[in-house]
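The structure appears below as structure tokens.
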Amino acid sequence: MPEPWNTTTTTFLRSPGSWGICLAIAYLLIHSGMILLASRRPQSSVRILLTNLLLIACFAILLLGASPDWQEAAGLRFLRLWAPMIFFWWAYKWAGHTLHLFYPSEFSLDPLLIRLENRWLGQPSLWWAKNGSPWLTELLHGFYVSYYLYTPALGAYLYTQGRLREFEAMVFAVMLGYALGYSLSALIPVWGPRWGLVTAGLLESSEQKLQGYWITHFIDAIMYGGIAHKGAAMPSMHCSTAVVFLFWCSRLWGFEGGLLAGIVVVGMGVGSVYGRYHYVADVVCGAAVGALSVWIADRLILGY
Numbered sequence: 020m021p022e023p024w025n026t027t028t029t030t031f032l033r034s035p036g037s038w039g040i041c042l043a044i045a046y047l048l049i050h051s052g053m054i055l056l057a058s059r060r061p062q063s064s065v066r067i068l069l070t071n072l073l074l075i076a077c078f079a080i081l082l083l084g085a086s087p088d089w090q091e092a093a094g095l096r097f098l099r100l101w102a103p104m105i106f107f108w109w110a111y112k113w114a115g116h117t118l119h120l121f122y123p124s125e126f127s128l129d130p131l132l133i134r135l136e137n138r139w140l141g142q143p144s145l146w147w148a149k150n151g152s153p154w155l156t157e158l159l160h161g162f163y164v165s166y167y168l169y170t171p172a173l174g175a176y177l178y179t180q181g182r183l184r185e186f187e188a189m190v191f192a193v194m195l196g197y198a199l200g201y202s203l204s205a206l207i208p209v210w211g212p213r214w215g216l217v218t219a220g221l222l223e224s225s226e227q228k229l230q231g232y233w234i235t236h237f238i239d240a241i242m243y244g245g246i247a248h249k250g251a252a253m254p255s256m257h258c259s260t261a262v263v264f265l266f267w268c269s270r271l272w273g274f275e276g277g278l279l280a281g282i283v284v285v286g287m288g289v290g291s292v293y294g295r296y297h298y299v300a301d302v303v304c305g306a307a308v309g310a311l312s313v314w315i316a317d318r319l320i321l322g323y
């Protein structure tokens, strides 16, 4: 069992999963506040607000009924620790309701980012893939799709090892990155290069999808026919999560773990630009959000 929490910590925050539950409630309140304050409320705003209220009530019950000494049924502890993370995975789709609350759907900051990256970097999101082969495209999409394993793999390892405090700190950092990303994307609308470059006349619509194999086709299905949002590219939540993954691999397995994770993370970052899912600016901002999230999680939960 983990060591007792600092006795100065509020009682309900000493129970398993409490910080994550509080973050989920905070995000739901922010989500609801955005809808109430927006000039372009969705037609289903009443349903959305009632759903948020129901979820807040469920999380509040989990929070207030927790045992601060961690001595409780394993199933209930599992629910408190994992439910907030599962919620934030689902909340990506829910964040679509806030994307166009403050700006019309046809407005984005892509023209500004395209000009800046063309001036400073030579527009890598346009040219990198121009010279790529199908096998290189497939390799980089393989790195890109590795993102979906970062949190489940680390979470499963820490949970099965009984390192529950560290589990909570790790997933809290990931969730904080999501909460910030979902909220900021409503205020900083960025479509991403695969849409922005076409609108700017720099890329033919026929070149949006790159030539690869089954991994590339899988990502295309998500990006063009799945749940991916048009307007949520800044900051890159792939990259915020990747920084958390890199940090925790280094913490758990030292230099070797950090080196292997670094290769995967760099590959994922390059793949996100190569595949035209993100500008370099999205990647940098996402990495900064991830680093900030790790720092906050360590201070709140681990006391570092």
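Letter 3 of the sequence shown, counting from 1, is numbered 22 in the numbering used here, and no numbers are missing. All C-beta atoms, glycine included, are put in the ideal place defined by N, C-alpha and C. Nothing here was measured: the structure is a model prediction, and the numbers come from that model.
How long is the line joining the alpha carbons of P21 and A93, rounded to whole angstroms?
Below a pLDDT of 50, predicted positions are generally treated as unreliable, and P21, at 42, falls in that range; no measurement from the model is reported.
Below 8 Å on the Cβ atoms is my guess for V283 versus I234; work out the distance and round it to an integer in Å.
So it is not a contact: roughly 14 Å between Cβ atoms.
Which two residues bound the contiguous alpha helix (DSSP H) that contains A198?
183-206
What residues in its chain sit with their C-beta under 7 Å from that of L47, if we drop five residues either side in the sequence?
The answer, listed in chain order, is N71, L74, I75.
Check the C-beta distance from Y296 over to M253 and give it rounded, since I have them as a contact under 8 Å.
Rounded, the Cβ-Cβ distance is 12 Å, inconsistent with contact.
Can you tell me where the alpha helix (DSSP H) holding I44 begins and where it ends?
37-56
Alpha carbons only, please: which of Y122, W314, L56, E157 is nearest the one belonging to F237?
Residue E157 holds the alpha-carbon nearest to the alpha-carbon of F237 among Y122, W314, L56, E157.
Measure the alpha-carbon distance for M287 versus F266 and round it to whole angstroms.
15 Å
How would you call S152, buried or exposed, if buried means at least 16 neighbouring beta carbons within 10 angstroms?
exposed
Let me confirm a value: V308 is counted as buried when at least 16 other C-beta atoms fall within 10 Å, else exposed. Which label applies?
That one is buried.
Apart from the five residues just before and just after Y201, which ones in its own chain have a Cβ nearer than 6 Å to its Cβ?
A114
Output yes or no for whether 9 Å exceeds the beta carbon distance between R96 and P35.
yes
Just how far apart, CA to CA, sit A188 and S224?
43 Å
Only counting the same chain, and skipping five residues up and downstream in sequence, which positions put a Cβ closer than 7 Å to that of T27?
Note on T27: pLDDT 40, under 50, position unreliable in the model; the coordinate value appears next. No residues qualify anywhere along the chain.
Quick check on DSSP: helix, strand or coil for A300?
helix
G281 to V262 span [Cα, whole Å]:
9 Å
Inspect the CB distances between the stretch 197-217 and the stretch 130-148 and report whether three or more fall short of 8 Å.
Between the stretch 197-217 and the stretch 130-148, the count of Cβ pairs shorter than 8 Å is three or higher; the stretches touch.
When you compare each of H116, M104, V313 to T170 by their alpha carbons, which one comes out closest?
M104
State the Cα-Cα distance for the pair G211 and A251, rounded to the nearest angstrom.
Spanning the alpha carbons of G211 and A251 requires a straight line of approximately 8 Å.
Mapping the DSSP letters down to three states, classify A79 as helix, strand or coil.
helix
Quick check on the burial criterion: 16 or more other C-beta atoms within 10 angstroms. Buried or exposed for L83?
exposed
Compute the beta-carbon to beta-carbon distance between G174 and F186, rounded to the nearest angstrom, for a pair I have assumed lies under 8 Å.
6 Å
Which residue wins for smallest C-alpha separation from L155, given the options I207, V289, I67?
Among I207, V289, I67, the Cα nearest to that of L155 belongs to V289.
Hey, could you find the ends of the alpha helix (DSSP H) N137 is sitting in?
129-139
State the Cα-Cα distance for the pair Y167 and S58, rounded to the nearest angstrom.
Cα-Cα distance, rounded: 35 Å.
Which partner residues of V209 appear in the DSSP bridge assignment?
A251
For F264, name the three-state secondary structure that DSSP assigns.
If DSSP states are grouped into helix, strand and coil, F264 belongs with the helices.
Given that a residue counts as buried once 16 or more other Cβ atoms are within 10 Å of its Cβ, and exposed if not, what is P23?
Bear in mind that a pLDDT of 42 at P23, under 50, signals an unreliable position, so the number given afterwards is only what the model happens to contain. Result: exposed.
Select from Q142, A45, L68 the residue whose C-alpha is nearest the C-alpha of G294.
Q142
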